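Residue numbers (the numbering used here): 957 to 1116.
We put the CB at the ideal spot given by N, CA and C, even for glycine.
All values reported here derive from a predicted model rather than from experimental measurement.
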Amino acid sequence: MLHVTPPMGPNLVVKGSQLADEVGWLDISKDNLQHKRYPNVFGIGDCTNLPTAKTGAAVAAQSAILNRTISRVLKNEKPDRTYDGYTSCPLVTSYNTVILAEFDYNGQPLETFPVNQAKESRIMYHMKADVMPHLYWHGLLRGLWGGPAPYRKILHLGMK
(Lines of atoms letter the chains of each structure in order from A and count residues from 1; the text may use other names and numbers.)
(Lines give C-alpha, C1' and ligand atoms only; values in the text may rest on other atoms or scores of the structure.)
Protein backbone atom coordinates (compact mmCIF):
# COMPACT_ATOMS: atom_id res chain seq x y z
CA MET A 1 0.00 0.00 0.00
CA LEU A 2 1.33 3.41 -0.93
CA HIS A 3 0.14 6.44 1.01
CA VAL A 4 1.16 9.71 -0.64
CA THR A 5 0.96 13.10 1.03
CA PRO A 6 1.77 16.32 -0.79
CA PRO A 7 4.53 18.50 0.64
CA MET A 8 3.28 20.78 3.39
CA GLY A 9 4.58 24.13 4.43
CA PRO A 10 3.53 27.22 6.31
CA ASN A 11 1.03 29.66 4.84
CA LEU A 12 2.89 32.59 3.25
CA VAL A 13 0.69 35.14 5.05
CA VAL A 14 1.68 33.72 8.44
CA LYS A 15 5.25 32.91 7.43
CA GLY A 16 5.96 36.52 6.57
CA SER A 17 4.47 37.93 9.77
CA GLN A 18 5.37 38.56 13.41
CA LEU A 19 3.03 35.69 14.33
CA ALA A 20 5.31 33.03 12.90
CA ASP A 21 7.84 30.83 14.64
CA GLU A 22 11.35 30.47 13.20
CA VAL A 23 10.13 28.06 10.51
CA GLY A 24 7.04 30.07 9.53
CA TRP A 25 4.17 28.33 11.33
CA LEU A 26 1.76 30.18 13.66
CA ASP A 27 3.61 30.08 17.00
CA ILE A 28 1.04 28.81 19.50
CA SER A 29 1.09 26.88 22.75
CA LYS A 30 0.40 23.22 22.03
CA ASP A 31 -1.67 22.99 25.21
CA ASN A 32 -4.20 25.85 24.93
CA LEU A 33 -3.74 26.98 21.28
CA GLN A 34 -2.97 30.56 22.36
CA HIS A 35 -0.16 32.47 20.65
CA LYS A 36 3.07 32.48 22.65
CA ARG A 37 3.72 36.25 22.29
CA TYR A 38 0.31 37.74 21.48
CA PRO A 39 -2.33 36.57 23.99
CA ASN A 40 -5.23 37.77 21.84
CA VAL A 41 -4.24 35.48 18.95
CA PHE A 42 -5.27 31.83 18.77
CA GLY A 43 -4.89 29.18 16.12
CA ILE A 44 -6.01 25.77 14.94
CA GLY A 45 -5.38 23.63 11.91
CA ASP A 46 -2.86 23.64 9.12
CA CYS A 47 -1.25 27.03 9.81
CA THR A 48 -0.06 26.12 13.32
CA ASN A 49 3.16 24.68 14.65
CA LEU A 50 1.32 21.96 16.61
CA PRO A 51 3.30 18.71 16.62
CA THR A 52 0.40 16.60 15.35
CA ALA A 53 -1.00 15.48 12.02
CA LYS A 54 -2.89 18.15 10.14
CA THR A 55 -6.25 16.40 9.78
CA GLY A 56 -9.92 17.33 10.01
CA ALA A 57 -10.16 15.19 13.15
CA ALA A 58 -7.39 17.22 14.77
CA VAL A 59 -9.16 20.48 13.85
CA ALA A 60 -12.41 19.19 15.37
CA ALA A 61 -10.68 18.38 18.67
CA GLN A 62 -8.78 21.68 18.59
CA SER A 63 -11.99 23.63 17.96
CA ALA A 64 -13.55 22.31 21.18
CA ILE A 65 -10.50 23.38 23.19
CA LEU A 66 -10.29 26.73 21.40
CA ASN A 67 -13.97 27.49 22.01
CA ARG A 68 -13.53 26.91 25.74
CA THR A 69 -10.19 28.77 25.89
CA ILE A 70 -11.42 31.90 24.11
CA SER A 71 -14.58 31.99 26.23
CA ARG A 72 -12.50 31.91 29.42
CA VAL A 73 -9.95 34.47 28.19
CA LEU A 74 -12.76 36.89 27.30
CA LYS A 75 -13.94 36.61 30.92
CA ASN A 76 -10.37 37.28 32.17
CA GLU A 77 -10.10 33.68 33.37
CA LYS A 78 -7.27 31.25 32.75
CA PRO A 79 -7.76 28.45 30.22
CA ASP A 80 -8.71 25.23 31.99
CA ARG A 81 -8.61 22.65 29.20
CA THR A 82 -5.66 21.38 27.23
CA TYR A 83 -5.38 19.87 23.78
CA ASP A 84 -3.80 16.42 23.99
CA GLY A 85 -2.80 16.28 20.33
CA TYR A 86 -5.72 14.07 19.31
CA THR A 87 -5.84 13.22 15.64
CA SER A 88 -7.32 10.47 13.57
CA CYS A 89 -6.26 8.88 10.32
CA PRO A 90 -8.66 6.39 8.76
CA LEU A 91 -6.43 4.04 6.80
CA VAL A 92 -8.36 2.33 4.01
CA THR A 93 -7.10 -1.25 3.73
CA SER A 94 -9.58 -2.65 1.19
CA TYR A 95 -12.79 -1.77 -0.61
CA ASN A 96 -14.74 -2.23 2.62
CA THR A 97 -12.32 -2.16 5.57
CA VAL A 98 -10.49 0.56 7.47
CA ILE A 99 -8.05 0.79 10.34
CA LEU A 100 -9.06 3.85 12.34
CA ALA A 101 -5.82 5.14 13.81
CA GLU A 102 -6.43 7.66 16.60
CA PHE A 103 -3.53 8.97 18.64
CA ASP A 104 -2.19 11.80 20.80
CA TYR A 105 0.89 14.05 20.67
CA ASN A 106 3.11 11.16 21.76
CA GLY A 107 1.79 8.79 19.11
CA GLN A 108 -0.01 6.79 21.78
CA PRO A 109 -3.37 5.27 20.83
CA LEU A 110 -6.31 7.43 21.86
CA GLU A 111 -9.07 5.18 20.60
CA THR A 112 -12.68 6.29 20.79
CA PHE A 113 -14.31 2.88 20.52
CA PRO A 114 -13.83 0.07 23.07
CA VAL A 115 -12.59 -2.35 20.41
CA ASN A 116 -9.16 -3.02 18.99
CA GLN A 117 -8.99 -0.33 16.31
CA ALA A 118 -5.61 -1.64 15.12
CA LYS A 119 -7.47 -4.37 13.25
CA GLU A 120 -9.18 -3.89 9.91
CA SER A 121 -12.89 -3.35 10.35
CA ARG A 122 -15.93 -3.00 8.13
CA ILE A 123 -17.65 -0.93 10.83
CA MET A 124 -14.77 1.58 10.76
CA TYR A 125 -15.08 1.66 6.97
CA HIS A 126 -18.69 2.79 7.38
CA MET A 127 -17.56 5.35 9.97
CA LYS A 128 -15.19 6.83 7.39
CA ALA A 129 -17.51 6.53 4.39
CA ASP A 130 -20.92 7.26 5.89
CA VAL A 131 -20.60 8.99 9.28
CA MET A 132 -17.49 11.19 9.02
CA PRO A 133 -18.70 13.19 5.98
CA HIS A 134 -21.86 14.14 7.91
CA LEU A 135 -19.81 15.04 10.99
CA TYR A 136 -17.63 17.26 8.81
CA TRP A 137 -20.30 19.02 6.72
CA HIS A 138 -23.09 19.24 9.28
CA GLY A 139 -21.11 19.23 12.53
CA LEU A 140 -17.59 20.66 12.28
CA LEU A 141 -18.31 23.38 9.72
CA ARG A 142 -21.33 24.55 11.71
CA GLY A 143 -19.43 24.58 15.00
CA LEU A 144 -21.39 21.65 16.42
CA TRP A 145 -18.71 18.91 16.39
CA GLY A 146 -15.74 19.27 18.71
CA GLY A 147 -14.30 15.81 18.22
CA PRO A 148 -15.02 12.52 19.94
CA ALA A 149 -13.56 13.20 23.41
CA PRO A 150 -16.90 13.20 25.30
CA TYR A 151 -17.98 10.02 23.52
CA ARG A 152 -14.62 8.37 24.25
CA LYS A 153 -15.22 8.91 27.98
CA ILE A 154 -18.70 7.42 27.75
CA LEU A 155 -17.69 4.42 25.63
CA HIS A 156 -14.74 3.64 27.91
CA LEU A 157 -16.84 4.18 31.04
CA GLY A 158 -14.66 7.14 32.05
CA MET A 159 -11.56 4.94 32.39
CA LYS A 160 -9.58 6.38 29.47
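Can the beta-carbon of A1012 be found less than 8 Å from the beta-carbon of L1096? Along the sequence shown, read from residue 1 onward, the residue named residue 1012 stands at position 56. Along the sequence shown, read from residue 1 onward, the residue named residue 1096 stands at position 140. In the sequence as displayed, the identity of residue 1012 is Gly instead of Ala. For G1012 and L1096, yes; Cβs fall inside 8 Å.
Taking Y1107 as the reference, which of P963, A1017, N1005, F998 has the closest Cα? Position 151 of the sequence shown holds residue 1107. Of the candidates P963, A1017, N1005, F998, the one whose C-alpha sits nearest the C-alpha of Y1107 is A1017.
Looking at P1007: is its Cβ nearer than 8 Å to the Cβ of K986? Position 51 of the sequence shown, counting from 1, holds the residue named residue 1007. Position 30 of the sequence shown, counting from 1, holds the residue named residue 986. Against a cut-off of 8 Å, the Cβ pair of K986 and P1007 comes out as a contact.
Do D1036 and R1028 have their C-beta atoms within less than 8 Å of each other? The residue you call residue 1036 lines up with position 80 of the sequence shown. The residue you call residue 1028 lines up with position 72 of the sequence shown. A contact, by the Cβ cut-off of 8 Å.
Quick check on the burial criterion: 16 or more other C-beta atoms within 10 angstroms. Buried or exposed for P1046? Residue 1046 sits at position 90 when you count from the first residue of the sequence shown. It is buried - the Cβ of P1046 has at least 16 other Cβ atoms within 10 Å.
I think V1054 touches S1077, with their Cβ atoms under 8 Å apart; what is that distance to the nearest whole Å? The sequence position of residue 1054 within the sequence shown is 98, counting from 1. The sequence position of residue 1077 within the sequence shown is 121, counting from 1. Between S1077 and V1054 the Cβ distance is about 6 Å, and since that is below 8 Å, they are a contact.
Taking the beta carbon of Q1073 as the centre, do at least 16 other beta carbons fall within 10 Å, making it buried, or is it exposed? Along the sequence shown, read from residue 1 onward, the residue named residue 1073 stands at position 117. Buried.
Given W1101, which residues of its chain have a CB within under 6 Å of its CB, disregarding the five upstream and five downstream residues? Taking the first residue of the sequence shown as 1, we reach residue 1101 at position 145. Excluding sequence neighbours, W1101 sits near A1016, L1091, G1095.
Give me, in chain order, the residues of the same chain whose beta-carbon lies closer than 6 Å to that of P1104; leave out the 5 immediate sequence neighbours on both sides. The residue labelled residue 1104 in the question sits at position 148 within the sequence shown. Only T1068 meet the Cβ criterion.
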